[in-house]
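S.K.: Residue numbers for the sequence shown follow full-length UniProt numbering, beginning at 1 and rising by one.
In this text, a Cβ means the ideal position worked out from N, Cα and C, and glycines have one as well.
For clarity, every value in this text was computed on a predicted model and none was experimentally measured.
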Amino acid sequence: MYKFLKVVFDVLLALIALVCVSWLLLPCMLILWCTGEHKVWYLQKRVGYKNRMFSIFKFATMLKNSPNMGTGSLTTRNDPRVLPFGRFLRKTKINELPQILNVLSGTMSIVGPRPQM
């Protein structure tokens, strides 16, 4: 019963959140499409519950196929790989909002620990 209620809670809250932030997500997607490399989403592999791998949704804030991509190197404050609009999204944490889609798909939960990198 607990698992069922948790899933219902997650889905309802994620749907409400998606409706509330859709006014923000849609323009961000359009701006990223126009100013970036026509890539809106960035999927990153993460370790989730019971060590299951899944892809986490984020906005694509960096140039794709840039040096150090996929090597685990962290971005610096003025990293040239980060797009100007991407810098704004990262600073305001808006780039994390697409994770609502992960909650809707059941790979993440509203309540609980963040997935490991």
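When DSSP labels each residue in this structure, what does V82 get in the three-state scheme?
M.R.: strand
S.K.: Using only the alpha-carbon positions, how far apart do F57 and V7 sit?
M.R.: 19 Å
S.K.: Rounded to the nearest angstrom, what separates C28 and I16 at their Cα positions?
M.R.: Computed Cα separation, rounded: 19 Å.
S.K.: Provide the residue span of the beta strand (DSSP E) that contains Y42, from first to last.
M.R.: W41 to V47
S.K.: Would you identify the three-state DSSP class for S105, choosing helix, strand or coil?
M.R.: helix
S.K.: State buried or exposed for residue 118, treating a residue as buried only when at least 16 other CB atoms are found within 10 Å of its CB.
M.R.: There is no way to answer for residue 118, as the model of the chain reaches only from 1 to 117.
S.K.: Output the boundary residues of the beta strand (DSSP E) element that contains I94.
M.R.: It is not in any beta strand (DSSP E) - I94 carries neither H nor E in the DSSP assignment.
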